[in-house]
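S.K.:
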Amino acid sequence: MSFHAVKKARSSALSIIVQKFGGSSLTTTSLRQQAVTHVKKAVDKGTKSIVVVSAQGRLGDPYATDTLLSLIGKGSKNELPDEQQALLLSCGEVISAVVFSHELSKVGISCKVMTGREAQIITDDECRMATIQRVNGKPFFEAFKEVDVVVVTGFQGITHQGKVSTLGRGGSDTTASALACSVEADAVYIYTDVEGVMSGDPTIVDTPTTLESISYDEASHIAYQGAKVIHPNAVEWAKRYKVPMWIGPLTGEIGTWVGIQTEHQTNRAIQSISAIKNLAQIRVSALDYDRIFQIVAEQGISIDLISIHPNEVRFTIEEKDINFVRSVLEGKGFRPEIISHVAKIALIGEGMKGKPGITSTIVTTLAREKIRILQTADSHMTFWILVDERYADEAQRRLHEQFISKAPLILSLQE
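Counting from 3, one number per residue, gives the positions in the sequence shown under our numbering.
(1) Can you give me the start and stop residues for the alpha helix (DSSP H) that V101 sits inside?
(2) Across which residues does DSSP place R469 in a beta bridge pair?
(3) G94 to A57, Cα distance in whole Å?
(4) Please give the ranges of any beta strand (DSSP E) in the stretch 160–195, keeping only runs that are unbroken, at least 3 residues long and fully inside the region.
(5) Taking all protein chains shown into account, decide if N313 is buried (16 or more other Cβ within 10 angstroms of its Cβ) or exposed.
(6) Which residue from I364, R370, P83 and E320 puts its Cα closest to that of T378?
(7) In the structure shown, what three-state DSSP assignment does F457 receive?
(8) Counting only the same chain and skipping the five closest in sequence on each side, list residues whose C-beta sits under 7 Å from that of A282.
(9) Give me the residue from E214, A299, A44 and I192 with the minimum Cα distance to V54.
(10) List the DSSP bridge partners of R328.
(11) Looking at the strands, I want to know which residues DSSP matches up with V344.
(12) Would you tell me roughly how many angstroms separate the C-alpha atoms of V151 and E352, rounded to the nearest one?
(13) Can you tell me which of the three DSSP states K79 falls into?
(14) Could you tell me whether any Cβ in chain B is nearer than 9 Å to the Cβ of I360?
(15) Quick one: give me the first and last residue of the beta strand (DSSP E) that Q135 is part of.
(16) Give the range of the alpha helix (DSSP H) segment to which K42 is assigned.
(17) With DSSP as the reference, label M354 as helix, strand or coil.
(18) Alpha carbon to alpha carbon, how far is Y393 from H311? Give it in angstroms, no decimals.
(19) Do you know offhand how far L181's Cα is from T49's?
(20) So, at 8 Å on beta carbons, what are the nonlocal neighbours of A240 in its own chain, with the 5 sequence-adjacent residues on each side left out?
(21) Alpha carbon to alpha carbon, how far is R270 from F405?
(22) Using a Cβ-Cβ cutoff of less than 7 Å, which residues in the same chain neighbour A145 once the five nearest sequence positions on both sides are dropped?
(23) Count the other C-beta atoms from every protein chain shown that fall within 10 angstroms of the C-beta of R316, then say buried if there are 16 or more, exposed otherwise.
(24) Would the beta-carbon of V149 be found less than 8 Å away from any heavy atom of the ligand ATP?
(25) Kindly give me the distance between the Cβ atoms of I169 and T176, rounded to whole angstroms, as I take these residues to be in contact under 8 Å.
(26) Have a look at I373, V327, S309 and A409 and flag the residue whose alpha-carbon is nearest the alpha-carbon of D380.
(27) Which residue comes first and which comes last in the beta strand (DSSP E) that contains V298?
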């Protein structure tokens, strides 16, 4: 990712925050009023706010992104040029921004609306799945001379050629984080329909907890390993410019701070456990493993969880790519062994660094449940295990119970 956020010195007396409201938080008048309340609280304290909004609702709702995409019909979206798709998909955020701006005006909040073009959110030249390359704080500092709030369309920007571009799923999170960097915001608040970053999937594990505070690196790893509460690119922007990030529901009663220490800090080795399913493990007996990786990469296939042994290489791919990868490798003279329907479980936490016993506890816990480990890998804050997908949920439950539910919660109170 390329970071080129344009900084502009501002008066220390000017307090600015960024507030992002997801589509599910804007679907009804009641929910929009809750969102307005959060903005008004900031304004009443003398804080300027950049409000980033997503398209309202989800598939089936009139202006949701998926609904707009459905207008061109199944099977025809690939026939519509990316440039036109981006124009279509950007409409949902424009409608959402205008509606929310009107709600703010009704309670006496001075505001204006900016599209990605007016906010000067510059992306690469991909009209779909674009990457933000440059943001500029100047339009906001100028606007704040006249209004207290600027409502910005999330998920969109403009290419170097001036064409509308869209950022892909979770793009509004990234918009909010990047804009927070451009104005040196005090914090960025991501309002969503979940209670923050959880210690585990609440639909799978027993008694998951909301993490009160995690580091940027932990948040980034959690986002990359399957948790959909925040987009990884949003965390990377915040980390690069040290902007505190809060993630939580509209109620604001509970949530997770990213990048700052809270009053209560736990010393758990593992903060969160998640899983990515629909994977396949590829095993190839060969000495020239570098050629194997090159062959797969040339086909545009993403590989993960690589293990290199003296006479064998193992890696994972998405299950949908099995037949293609098998065909390609066999065409080059290799005989891959493929284990389908596997899941990658990630245990994440900075506290595991240098702490003995993590691996043995994982192995013992799963062996007790007769869950076979197909492959492992680890970094300084993440331990990955590959298991049969049928046992992924049970593995998460048992590991969460062992490392989080049963772990002593020792709190370190800051002086």
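C-beta: ideal position from N, C-alpha, C; glycine also.
M.R.: This is what the structure holds:
(1) Numbered from 1 along the sequence shown, position 99 holds the residue referred to as residue 101. Unbroken alpha helix (DSSP H) run through V101: D84 to K108.
(2) Residue coverage of the chain in this structure runs from 3 to 417, which leaves residue 469 outside it and unanswerable.
(3) For the purposes of this step, residue 94 is taken as residue 92 along the sequence shown, with counting starting at 1. For the purposes of this step, residue 57 is taken as residue 55 along the sequence shown, with counting starting at 1. A straight-line Cα-Cα distance of about 5 Å links G94 and A57.
(4) Every beta strand (DSSP E) stretch that sits fully inside the stretch 160–195 and reaches 3 residues is listed by chain position as 166–168 and 189–194.
(5) Here the question's residue 313 lines up with position 311 in the sequence shown. Exposed.
(6) Against the sequence shown, residue 378 aligns to sequence position 376. Measuring from the Cα of T378, the nearest candidate turns out to be I364.
(7) As displayed, the chain neither begins before 3 nor continues past 417, which places residue 457 out of reach and without an answer.
(8) Translated into the one-based positions of the sequence shown, residue 282 becomes position 280. The answer, listed in chain order, is T318, I319, E321, I324, I340, I341, S342 and V344.
(9) Counted from its first residue, the sequence shown places residue 54 at position 52. It is I192 whose Cα lies nearest to the Cα of V54.
(10) Against the sequence shown, residue 328 aligns to sequence position 326. None; R328 has no bridge partner.
(11) To locate residue 344, count along the sequence shown from 1; it is residue 342. Looking at the DSSP output, V344 sits in a beta bridge with L281 and D390.
(12) Within the sequence shown, numbered from 1, the residue matching residue 151 stands at position 149. Within the sequence shown, numbered from 1, the residue matching residue 352 stands at position 350. For V151 and E352, the distance between alpha carbons rounds to 37 Å.
(13) The count along the sequence shown starts at 1 and reaches residue 79 at position 77. Low confidence applies here, because K79 scores a pLDDT of 49, under 50, leaving its location unreliable and the question unanswered by this model.
(14) The structure shown has no chain B; it contains just one protein chain.
(15) Against the sequence shown, residue 135 aligns to sequence position 133. Per DSSP, Q135 belongs to the beta strand (DSSP E) from I134 to R136.
(16) Numbered from its first residue, the sequence shown carries residue 42 at position 40. That run of the alpha helix (DSSP H) goes T31 to D46.
(17) As a first step, residue 354 must be located in the sequence shown, where it is residue number 352. It is helical.
(18) Counting from one through the sequence shown, the residue named residue 311 turns up at place 309. Counting from one through the sequence shown, the residue named residue 393 turns up at place 391. A straight-line Cα-Cα distance of about 26 Å links H311 and Y393.
(19) The residue labelled residue 181 in the question sits at position 179 within the sequence shown. The residue labelled residue 49 in the question sits at position 47 within the sequence shown. Using only the alpha carbons, I get a separation of about 16 Å.
(20) Position 238 of the sequence shown holds residue 240. Excluding positions up to five away in sequence, the list reads S179, A182, C183, V190, Y218, P246, M247, V260 and G261.
(21) Counting from one through the sequence shown, the residue named residue 270 turns up at place 268. Counting from one through the sequence shown, the residue named residue 405 turns up at place 403. In this structure, the straight-line span from the alpha carbon of R270 to that of F405 is close to 8 Å.
(22) Position 143 of the sequence shown holds residue 145. K114 and V152.
(23) As a first step, residue 316 is located in the sequence shown; it is residue number 314 there, counting from the start. Burial call: buried.
(24) Annotation note on the ligand ATP: not contained in the displayed structure, which lists no ligands.
(25) Here residue 169 corresponds to residue number 167 of the sequence shown, with the count starting at 1. Here residue 176 corresponds to residue number 174 of the sequence shown, with the count starting at 1. The identity of residue 169 in the sequence shown is Leu, whereas the question assumes Ile. Between T176 and L169 the Cβ distance is about 6 Å, and since that is below 8 Å, they are a contact.
(26) Within the sequence shown, the letter at position 378 stands for residue 380. Out of I373, V327, S309 and A409, the CA that lies nearest to the CA of D380 is found in S309.
(27) Your numbering for residue 298 matches position 296 in the sequence shown. From DSSP, V298 is part of no beta strand (DSSP E) but of the alpha helix (DSSP H) over Y291 to E300.
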